[in-house]
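A.B. asks: In terms of the working numbering, the sequence shown opens at residue 41 and continues consecutively. Glycine included, C-beta positions come from ideal geometry on N, C-alpha and C. Only a predicted model underlies this, so the values are computations on that prediction, with no experimental measurement involved. Okay, handing you the structure first.
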Amino acid sequence: MELRHAVKAAGGASALAVHLGLSRGAIYDFIRRGNFAPEHCPEIEKFSGGKVKCETLNTAVDWAYLRTPPRFRAEKSEVPA
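And the structure:
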């Protein structure tokens, strides 16, 4: 998916700019550069309801760490009442 189509799928440049607290021009700058800043990608993915993936927004980042569950999870400790 091309970035401008991704922005449209996420609600459009204006809606995305407002949601991220950026200017609409900043959104178009990301499109011109060909990648969104990595720190915005997970929020855009959430905002789009999963229609737009981080992998589409920035191809220079290995997003596997978002997709792979952690190996070790802290177990809930039970505290006596």
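For Ala-53, collect the residues of the same chain with a Cβ closer than 6 Å to its Cβ; drop the 5 residues on either side in sequence, then sort them by chain order.
C.D. replies: Val-47, Arg-64 and Ile-67
A.B. asks: Taking Trp-164 as the reference, give the member of Leu-60, Arg-44 and Lys-93 with the closest Cα.
C.D. replies: In this structure the chain extends from 41 to 121, so residue 164 is not present and cannot be described.
A.B. asks: Just curious, the alpha helix (DSSP H) that Arg-64 is in, first and last residue?
C.D. replies: 64-73
A.B. asks: Residues in the same chain with beta-carbon distance under 8 Å from Pro-110, minus the five sequence neighbours each way, listed in chain order, please.
C.D. replies: none
A.B. asks: Alpha carbon to alpha carbon, how far is Asn-75 from Asn-98?
C.D. replies: 5 Å
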